[in-house]
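Read the structure below first, then the notes.
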Amino acid sequence: MNFAKSDKAAQIAADFTDATAVQGRSLWRDARDRFVKNRAAMWSLAILSLIAVFVIIGPLFAVWDNEEIDWDVMGDVAGMGFPSLASGHFFGVDDLGRDLYSRVIQATRTSLLVGLIGASMALVVGTVYGIVAGFVGGRTDASMMRIVDILLAIPMTLVLILLLVIAGRSFTMLFVALGAVSWLTMARIVRGQTLTLKNREFIEAARAGGVSEMTIMFRHIMPNLLGVVIVYASLLVPEMILAESFISFLGLGISEPHTSLGRLIAEGAGTMAYGTIWQLAFPLFFYVTIIITMFFIGDGLRDALDPKDR
Amino acid sequence: MSLLSVKDLSVWFETLDGTVDAVKGVNFDIKPGECLGIVGESGSGKSQTFMAAMGLLPKNGRASGSILLEGQEILNLPITQLNAVRGSKIGMIFQDPLTALTPHLKIGAQMSEVLKVHKGMSSAEARVQCLDWLNRTRIPEAARRLDQYPHELSGGMRQRVMIAMSMLCDPKLLIADEPTTALDVTVQAEILDLMVSLQKDRGTAIALITHDMGVVARMCDRIQVMRHGAYVEAGTVDEIFTQPKHDYTRKLLDAMPRIDDAGAPGALKGETLLNVHDLKVHFPIRMKGGLFGKTVPLKAVNGVSFHLKKGETLGIVGESGCGKSTLARAVLKLVEPTGGNVTWLGQPIQDMDKKTLKPFRKDLQIVFQDPLASLDPRQTVAASIAEPLKTFRPDLTARERREEVLKMMTRVGLEPSMYNRYPHELSGGQNQRVGIARAMINRPKLVICDEAVSALDVSIQAQIIELLKDLQREFGMSMLFISHDLSVVRAVSNRIMVLYLGRIVELGDGETICSAPQHPYTKSLISAVPIPDPAIERSRTRLRIPGELPSPLDTQSALRFLPSRLDAGQTDYVPQLLEVAPGHMVAEHDSLERILAA
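Sequence lines, in order, name chains A and B.
My numbering puts the first residue of the first sequence at 5, with every later residue one more than the last.
My numbering puts the first residue of the second sequence at 5, with every later residue one more than the last.
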């Protein structure tokens with residue numbers, strides 16, 4: 005056949021036979037396949053995505069702005085401010101008569117951002133720092149870890165307050181401040197794991213194979229610590245959300261009219277005795293859902309990244 | 005009447021992947037005072053038979069059939085009734101004496117617990133009896149051992165403690181599950197002798213579970229050969245060894261390398277590839293004493309010189325702690341040598357930094373002992389094999405690399421379909437093939453095999469040795485073959501080097517070392533190696549040098565074979581290597597009588 009003789013056809017044919025022969029798998033592709041098979045993690049991911057979608061398109065359906073005060077219900081929040089489709093306050097109103105639907109959306113957005121960005125900063129900085137300290141070892145390790153020890157010894161609140169006072173209050177600074185304190189524990193955990201890994205025979209084997217130290221760190225050490233790191237990071241997300249609400253309580257984090265889930269829950273808890281339980285229930289629902297889904301996703305990721313666990 | 009009578013015993017495990025049959029309806033009897041050997045490779049179910057008898061099966065394990073101990077059914081008894089039997093009528097010793105002893109209990113406390121439970125003795129009475137039994141196992145300084153923790157004892161001493169402990173209540177049957185596999189040959193010989201004397205003196209029956217035909221030849225009266233959960237052959241020792249009927253038995257016997265085999269590879273002539281001169285590796289060890297403690301050098305390798313020719317295999321033999329692995333790593337510069345020279349093809353490599361050394365790594369490769377630990381658990385085996393290619397041949401495309409890897413996998417006997425498997429999905433032998441493929445993929449000039457076959461079953465071991473020899477024929481690489489097993493080393497090595505506490509005691513060609521050793525240490529090592537032939541094995545006399553392998557920190561022990569110098573007060577004397585015949589080097593030593601008298 006003429007067709008099969010052209011170079012291009014030969015190339016295609018080669019590619020085709022290539023595809024039918026053994027395909028290489030990577031840890032990442034396997035991990036994805038395993039994660040997709042994990043039903044709890046997939047459900048959690050779906051729910052978390054729904055929340056994210058809600059945060060993005062939710063405002064389109066809002067009748068009231070989050071800053072607007074509904075003067076009509078303000079006088080009798082317990083009696084008239086309950087959730088209702090008719091009044092346009094889908095989640096009811098808060099103590100000042102502001103629309104809780106809009107405020108919850110805004111708060112969820114803030115908290116998700118704070119949690120995810122704070123945790124990922126800790127993840128990146130802490131992991132790299134810990135791997136370098138543990139793998140290089142010796143003096144480098146000692147001095148790097150003493151810095152961590154010193155920083156850990158200073159109360160986290162103090163560091164946060166100082167940072168936010170000196171650099172001024174802003175969203176970005178909040179992330180920086182949270183990230184600055186959260187990577188410390190991560191670095192310690194990663195360093196400990198690295199120490200146990202670096203004496204394993206397969207690291208020696210890689211070294212005998214002429215692999216450079218840098219490559220060993222990222223090709224052999226890192227994938228082997230991912231399990232621990234990811235579980236810890238998924239625990240960090242709720243911790244970040246809580247830390248943020250604490251800072252905001254001190255008046256240094258997010259300030260009115262902006263809000264976060266932590267603040268809304270605190271406000272709702274303060275008024276729960278006066279018959280306005282929805283002020284607690286809606287923010288709490290979003291908060292708990294985010295945290296639980298994060299746990300399952302973290303668990304799923306750990307299992308997915310461990311080829312032994314099937 | 006038989007002591008233990010097993011009828012139609014089946015053991016199976018319920019797993020998520022379905023039922024796994026471990027033992028498929030076996031029958032056997034053990035008579036009082038006899039030694040029955042149960043031989044088979046890992047996974048053949050030989051341990052599970054006795055685990056079922058002792059009620060030690062894991063939670064998902066089930067057993068059916070019948071096990072009668074002196075006419076009483078003991079299979080599937082409730083734990084409370086079983087406890088009356090375990091320990092008092094049946095004793096058991098395990099392969100790894102460290103994990104079988106509770107780490108935070110003193111030896112005395114663990115031992116007397118048995119007596120308190122079974123005989124209701126008081127602590128003082130129990131202690132006396134424990135001491136009595138420790139003495140019988142010939143532990144040095146037995147009284148002091150009672151107040152020590154397991155980690156303070158050596159492997160051989162721990163196994164003696166285990167034996168003493170299982171013998172406390174004078175059981176009728178002692179189950180020994182690979183009792184000497186984790187021990188050095190000389191220690192193994194002593195433990196086996198101890199078990200023989202117990203069997204004779206106390207009339208204890210022994211069920212010896214092992215994969216080592218040499219041990220069986222020395223110890224057992226009758227043998228059961230087990231495979232895939234069923235017995236393939238049974239008979240007396242002489243029958244099995246002289247006229248094996250089943251193919252599998254024959255295969256097992258053939259796979260066993262023998263130290264008295266003919267046809268060890270002879271010495272080679274050729275260009276020198278590697279030259280090691282006066283290599284030293286010292287590790288600083290912190291000791292107690294003084295205000296801040298002091299550092300003492302642990303001389304793991306203490307002045308070793310040798311050379312290696314192209315295509316030659318040099319076997320390195322020695323007991324644990326003699327520095328053979330450290331020597332290998334120092335040659336590859338995986339640990340930094342403290343002193344001495346390593347010259348590779350005329351190039352001194354000991355002072356090179358990582359960058360300048362890197363191109364040399366292509367030709368210097370290592371195969372490790374534990375196949376599973378030496379592979380990255382998160383990489384597919386193909387990725388592991390391809391790693392040296394990525395480093396040294398970056399010009400290859402992904403596709404060429406894959407072809408190269410597949411070719412090498414086929415060469416070492418791995419199915420191409422295993423390309424994407426992870427190490428834990430493969431067997432030990434397959435993983436070791438992966439390790440060999442990784443070492444061989446760049447066609448190195450020197451491969452160091454650090455106990456590369458020690459963790460494998462006999463038949464797999466034979467296959468891997470065959471593979472290594474094959475590859476050596478094909479690619480002409482040199483090998484440093486490190487092992488504690490003299491018979492294996494002999495089968496592959498042109499020359500053999502015997503190490504004792506970081507120093508060479510004897511170096512010569514394989515035939516000379518194994519059949520005409522000069523140094524007393526080599527002699528004692530060789531006489532301790534069991535030979536899988538009952539007629540020869542039982543008539544051999546064993547050269548026993550008293551005491552266990554001493555610690556390398558003890559400066560006096562380096563002169564164990566030169567007591568005359570010790571007596572003369574020359575404690576820092578270094579024994580010289582003397583050339584007794586061309587190519588046969590022996591370290592200075594006193595006469596055998598003088599050493600045994602010391």
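Don't be surprised by glycine CBs; every beta carbon is placed ideally from N, CA and C.
According to DSSP, residues forming a beta bridge with residue i
{"i": "F287/B", "result": "L302/B"}
{"i": "D537/B", "result": "In the DSSP output, where bridge partners are listed per residue, D537/B has none listed."}
{"i": "S70/B", "result": "K11/B"}
{"i": "G65/B", "result": "F17/B"}
{"i": "C453/B", "result": "V371/B and F485/B"}
{"i": "G218/B", "result": "Answer by DSSP bridge pairing: none, since G218/B is not bridged."}
{"i": "W348/B", "result": "L278/B and Q351/B"}
{"i": "G22/B", "result": "T19/B"}
{"i": "D181/B", "result": "I213/B"}
{"i": "H311/B", "result": "N279/B"}
Sub-9 angstroms separation of residue i and residue j beta-carbons
{"i": "V140/A", "j": "M244/A", "result": "no"}
{"i": "G196/A", "j": "G255/A", "result": "no"}
{"i": "E45/B", "j": "R231/B", "result": "yes"}
{"i": "L13/B", "j": "G47/B", "result": "no"}
{"i": "R548/B", "j": "T190/B", "result": "yes"}
{"i": "V229/B", "j": "Y252/B", "result": "yes"}
{"i": "D264/B", "j": "S543/B", "result": "no"}
{"i": "Y105/A", "j": "W68/A", "result": "yes"}
{"i": "E340/B", "j": "K313/B", "result": "no"}
{"i": "M483/B", "j": "I452/B", "result": "yes"}
{"i": "M190/A", "j": "V129/A", "result": "yes"}
{"i": "K176/B", "j": "L7/B", "result": "yes"}
{"i": "V492/B", "j": "N435/B", "result": "no"}
{"i": "S216/A", "j": "K362/B", "result": "yes"}
{"i": "N139/B", "j": "A128/B", "result": "no"}
{"i": "A45/A", "j": "L127/A", "result": "no"}
{"i": "E510/B", "j": "T526/B", "result": "yes"}
{"i": "A572/B", "j": "D258/B", "result": "no"}
{"i": "S252/A", "j": "G266/A", "result": "yes"}
{"i": "I97/B", "j": "V89/B", "result": "no"}
Given residue i as reference, the closest of the options once Cα atoms are compared
{"i": "T1/A", "options": "D34/A, D69/A and S115/A", "result": "The requested residue 1/A is not part of the displayed model; chain A covers only 5 to 314."}
{"i": "L72/B", "options": "T185/B, L86/B, Y577/B and R66/B", "result": "L86/B"}
{"i": "V136/A", "options": "G304/A, N228/A and F222/A", "result": "F222/A"}
{"i": "V578/B", "options": "T106/B, T84/B and Y504/B", "result": "Y504/B"}
{"i": "K255/B", "options": "R564/B, I464/B and E38/B", "result": "I464/B"}
{"i": "R507/B", "options": "A532/B, L283/B and Q467/B", "result": "L283/B"}
{"i": "E72/A", "options": "I121/A, T275/A and L100/A", "result": "L100/A"}
{"i": "G319/B", "options": "V496/B, G22/B and T395/B", "result": "V496/B"}
{"i": "S487/B", "options": "F310/B, V371/B, T401/B and Y153/B", "result": "V371/B"}
{"i": "D188/B", "options": "P534/B, E541/B, I540/B and D558/B", "result": "P534/B"}
{"i": "A209/B", "options": "Q354/B, L393/B and G37/B", "result": "G37/B"}
{"i": "S53/A", "options": "R113/A, S91/A and P159/A", "result": "R113/A"}
{"i": "S329/B", "options": "G350/B, D258/B, A456/B and T395/B", "result": "A456/B"}
{"i": "E205/A", "options": "M218/A, I225/A and V194/A", "result": "I225/A"}
Nearest-angstrom Cβ-Cβ length linking residue i and residue j, presumed shorter than 8 angstroms
{"i": "A443/B", "j": "Q373/B", "result": "That belief does not hold up - the Cβ atoms of A443/B and Q373/B are roughly 13 angstroms apart, past 8 angstroms."}
{"i": "A168/B", "j": "W137/B", "result": "4 angstroms"}
{"i": "G512/B", "j": "H593/B", "result": "Going by Cβ atoms, the distance from G512/B to H593/B rounds to 15 angstroms, so no, they are not a contact pair."}
{"i": "I389/B", "j": "M412/B", "result": "6 angstroms"}
{"i": "L331/B", "j": "V308/B", "result": "6 angstroms"}
{"i": "S48/A", "j": "I295/A", "result": "With 8 angstroms as the limit, S48/A and I295/A do not qualify as a contact, their Cβ atoms being about 11 angstroms apart."}
{"i": "V321/B", "j": "L490/B", "result": "6 angstroms"}
Residues in the stretch 223 to 250 of chain A having any Cβ partner in chain B nearer than 9 angstroms: R223, H224, P227, N228 and L230
Members of the stretch 284 to 297 of chain A near chain B, C-beta cut-off 9 angstroms: none
Near-chain B residues of the stretch 199 to 212 of chain A (beta-carbon distance less than 8 angstroms), N- to C-terminal order: R204, E205, F206, E208, A209, A210, R211 and A212
Contact residues within the stretch 332 to 351 of chain B, judged by C-beta distance below 9 angstroms to chain A: R333, L336 and L338
Selection of the stretch 116 to 144 of chain A by Cβ proximity to chain B, strictly under 8 angstroms: none
Chain-ordered residues of the stretch 230 to 241 of chain B with a beta carbon less than 7 angstroms from chain A: Those would be none; no residue qualifies.
Within 8 angstroms of chain A by C-beta, residues of the stretch 395 to 411 of chain B in sequence order: Going along the stretch 395 to 411 of chain B in chain order, one finds T395, F396, A402, R403, R406 and L410 with a Cβ nearer than 8 angstroms to chain A.
Positions along the stretch 304 to 331 of chain B whose CB lies within less than 7 angstroms of some CB in chain A: Listed by position along the chain: nothing, the set is empty.
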